[in-house]
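A short worksheet on the structure shown next.
2 protein chains.
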Amino acid sequence: MSGPDAIAKQFVDFYYNQFDNDRSQLASLYRESSMLSWESSPFQGSTAIVEKLTTLPFQKVLHKVSTIDAQPSSPTVASLLVDDSEHPLQFSQVFQLIPDGGSYYVLNDIFRLIYG
Amino acid sequence: MSGPDAIAKQFVDFYYNQFDNDRSQLASLYRESSMLSWESSPFQGSTAIVEKLTTLPFQKVLHKVSTIDAQPSSPTVASLLVDDSEHPLQFSQVFQLIPDGGSYYVLNDIFRLIYG
């Protein structure tokens, strides 16, 4: 992977595909220092984050990504903004990715529903 | 300022107040390494960013902030997500702030309109 746009595209494809198929597998993307803000509720660490994600009140979900904005930050960090326009819920989600042995993990994850 | 929530609140109040009163004064918040993504268009450096902000096709604007999500990142960084529900335009904006001599500057700024 090279460049923030390519990293963003590959990460987003992987993340939401994994989310829609088996959310428990997302644990590998987080570390103990990772933080999730889910509709203003804070969760820290891979275990707490994945517990939140796997206990969301729905079984089947399909994400459709409409737009991705990515920027490099420090030389080692990429931030993403994803807008999802799938009916009926719109959301905006921001990830901050940290390089880790040739791959990336999620340090910051902010999720917010958008009410039209 | 202390804690990401307090930093976020203070920054957001200052930023949008300045934006609504005199956008050219926002130059002090950016550095040459700063990046703005405005509806997918990239701008780098304080001069280019402020030129973009000051030539937006409107004269009067009033931001009304509805929600702020903040997370600390590395010990030196805060990220913010702002949702603005003011009629008629909704947007989501992400700032990454870097400490600089007791204050902060904007390293990353991603702006995206939300279409309901």
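First to last, the protein sequences are chains A and B. So the first sequence is numbered by full-length UniProt numbering: it starts at 1 and just counts up by one. So the second sequence is numbered by full-length UniProt numbering: it starts at 1 and just counts up by one. Note that CB positions come from ideal geometry on N, CA and C, so glycine has one too. Just so we're clear, the structure is a prediction, and the values are computed from it rather than from any experiment.
Against chain A: residues of the stretch 88 to 99 of chain B by CB proximity under 8 Å: Listed in sequence order: Q90, S92, V94 and Q96.
Neighbour-count burial assignment, Q10(B), 16 or more Cβ in a 10 Å radius: Residue numbering aside, residue 10(B) sits at position 10 when the second sequence is read from its first letter. Around the beta carbon of Q10(B), fewer than 16 other beta carbons sit within 10 angstroms, so the residue counts as exposed.
T67(B), DSSP secondary structure in three states: Your numbering for residue 67(B) matches position 67 in the second sequence. Of the three classes helix, strand and coil, the one that applies to T67(B) here is strand, per DSSP.
Supposed contact pair Q96(A) and L107(A) - C-beta distance, whole angstroms, cut 8 Å: Position 107 of the first sequence, counting from 1, holds the residue named residue 107(A). Position 96 of the first sequence, counting from 1, holds the residue named residue 96(A). With a Cβ gap of about 5 Å, L107(A) and Q96(A) count as contacting.
Classification of L62(A) by the beta-carbon crowding that lies within 10 angstroms, buried from 16 upward: As a position in the first sequence, residue 62(A) is number 62, starting the count at 1. L62(A) should be labelled exposed.
Rounded straight-line distance, which links the Cα of L89(A) to that of I7(A): On the first sequence, residue 7(A) is found 7 positions in, with the first residue counted as 1. On the first sequence, residue 89(A) is found 89 positions in, with the first residue counted as 1. Straight across, the Cα-Cα distance linking I7(A) with L89(A) is about 26 Å.
Neighbour list for S73(A) in chain B, Cβ cutoff strictly below 7 Å: The residue you call residue 73(A) lines up with position 73 of the first sequence. Chain B residues near S73(A): Q96, L107 and N108.
Chain A contact for L81(B) (CB, 8 Å cutoff): Along the second sequence, one-based indexing puts residue 81(B) at 81. L81(B) counts as touching chain A.
Within chain B, partners of S40(A) - CB distance below 9 Å: As a position in the first sequence, residue 40(A) is number 40, starting the count at 1. Neighbours of S40(A) in chain B, taken as residues at a C-beta separation under 9 Å, are given in chain order as T67 and D69.
For S46(A), the first and last residue of its enclosing alpha helix (DSSP H): Start at 1 with the first residue of the first sequence, and residue 46(A) comes out as number 46. Where S46(A) is concerned, the enclosing alpha helix (DSSP H) stretches over S46 to T54.
Local Cβ density within 10 Å of L29(B), reported as buried at 16 or more and exposed below that: The count along the second sequence starts at 1 and reaches residue 29(B) at position 29. Result: buried.
Beta-carbon proximity of I110(B) to Q71(A), cut-off 8 Å: What you label residue 110(B) is simply residue 110 of the second sequence in a count that begins at 1. What you label residue 71(A) is simply residue 71 of the first sequence in a count that begins at 1. Going by C-beta atoms, I110(B) is nearer than 8 Å to Q71(A).
Min CB distance I49(A) to chain B below 8 Å: Sequence index remark: in the first sequence, residue 49(A) carries index 49 (1-based). I49(A) does not count as touching chain B.
Extent of the continuous beta strand (DSSP E) to which A78(A) belongs: Here residue 78(A) refers to the residue found at position 78 when the first sequence is read from its first residue. First-last of the beta strand (DSSP E) with A78(A): A78 to D84.
Any C-beta of chain A under 8 Å from that of S37(B): Looking up residue 37(B) in the second sequence gives position 37. S37(B) counts as touching chain A.
Min CB distance R31(B) to chain A below 8 Å: Locating residue 31(B) in the second sequence gives position 31, counting from the first residue. By this cut-off, R31(B) is not an interface position.
Nearest candidate by alpha-carbon position, reference Q25(A), set T47(A), D83(A) and K64(A): For the purposes of this step, residue 25(A) is identified with residue 25 of the first sequence, where counting begins at 1. Residue T47(A) is the option with its Cα nearest to Q25(A).
Exposure label - Y15(A); buried when at least 16 CB within 10 Å: In the first sequence, residue 15(A) corresponds to position 15, counting from 1. Buried, by the Cβ-count rule.
Closer than 8 Å at the beta carbon, the chain B residues around R112(A): Position 112 of the first sequence, counted from the start, is the residue given in the question as residue 112(A). Within chain B, the residues near R112(A) are T67, D69, L81, D83 and S92.
Within 8 Å, strictly: CB atoms of D84(A) and K64(A): Position 84 of the first sequence holds residue 84(A). Position 64 of the first sequence holds residue 64(A). Yes; because the gap between Cβ atoms is below 8 Å, this pair is in contact.
D5(B), enclosing alpha helix (DSSP H) - first and last residue: As a working mapping, residue 5(B) is identified with position 5 in the second sequence. Taken as a continuous stretch (DSSP letters only), the alpha helix (DSSP H) holding D5(B) covers P4 to N21.
S33(B): first and last residue of the uninterrupted beta strand (DSSP E) it sits in: Mapped onto the second sequence, residue 33(B) falls at position 33. Y30 to W38 is the span of the beta strand (DSSP E), which, as asked, contains S33(B).
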